[in-house]
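Visitor: Sending over a structure as structure tokens; questions will come in a sec.
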Amino acid sequence: MKCCQVAHPVDFPDFGRKAKLFKALGDEVRLKVLHLVSDHEVCVCDLMELLGMAQGTLSHHLSVLHQAGLVAARKQGRWNYYQATPLAMRSLAVFEGE
Numbered sequence: 047m048k049c050c051q052v053a054h055p056v057d058f059p060d061f062g063r064k065a066k067l068f069k070a071l072g073d074e075v076r077l078k079v080l081h082l083v084s085d086h087e088v089c090v091c092d093l094m095e096l097l098g099m100a101q102g103t104l105s106h107h108l109s110v111l112h113q114a115g116l117v118a119a120r121k122q123g124r125w126n127y128y129q130a131t132p133l134a135m136r137s138l139a140v141f142e143g144e
């Protein structure tokens, strides 16, 4: 006889999606990006200047944020514009008041 028997399979919530969210929020640069795009759309060229970051590095951070559902992207001409999503705003509200 086994010590611990599970009567039925465990039904886990979507932890993969939550892990992406925590990974995206677990980086200081990405938190800075979210802060910059929280009130309005910001062009990636402006983000590069504000953060003093190369386009390739910033693109990686924006991709992680986008995959986690924390930023929305809009292309206009050759530039992309980013803005925080409602999910980002709810997630950042947890840190308010620190």
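Under my numbering, the first residue of the sequence shown is numbered 47, with each subsequent residue one higher.
For glycine and all other residues, C-beta sits at the position ideal for the given N, C-alpha and C.
#1: Starting from valine 117 and walking both ways along the beta strand (DSSP E), at which residues does that stretch end?
#2: Return the residue from the list Leu96, Leu138 and Leu80 that minimises the CA-CA distance to tyrosine 128.
#3: Does the Cβ of histidine 107 have 16 or more other Cβ atoms within 10 Å, making it buried, or fewer, making it exposed?
#4: From aspartate 73 to glutamine 113, what distance separates their C-alpha atoms?
#5: Are the region 91-103 and the region 57-68 touching, with three or more C-beta to C-beta distances below 8 Å?
#6: Quick check: the Cα distance between leucine 104 and valine 90, rounded to an integer number of angstroms?
#7: Nearest by alpha-carbon distance to glutamine 101: which of Asn126, Leu82 and Val117 is it?
#8: Can you list, in chain order, the residues of its chain with a C-beta nearer than 7 Å to that of leucine 117? Leave out the 5 residues immediately preceding and following it.
Guide: Result, derived from the coordinates:
#1: 117-122
#2: Leu80
#3: buried
#4: 15 Å
#5: no
#6: 8 Å
#7: Asn126
#8: Position check: residue 117 holds valine in this sequence, whereas leucine was assumed. Within the same chain, valine 117 has close Cβ partners Val83, Leu108, Leu111, Tyr128, Gln129, Ala130, Thr131 and Ala134.
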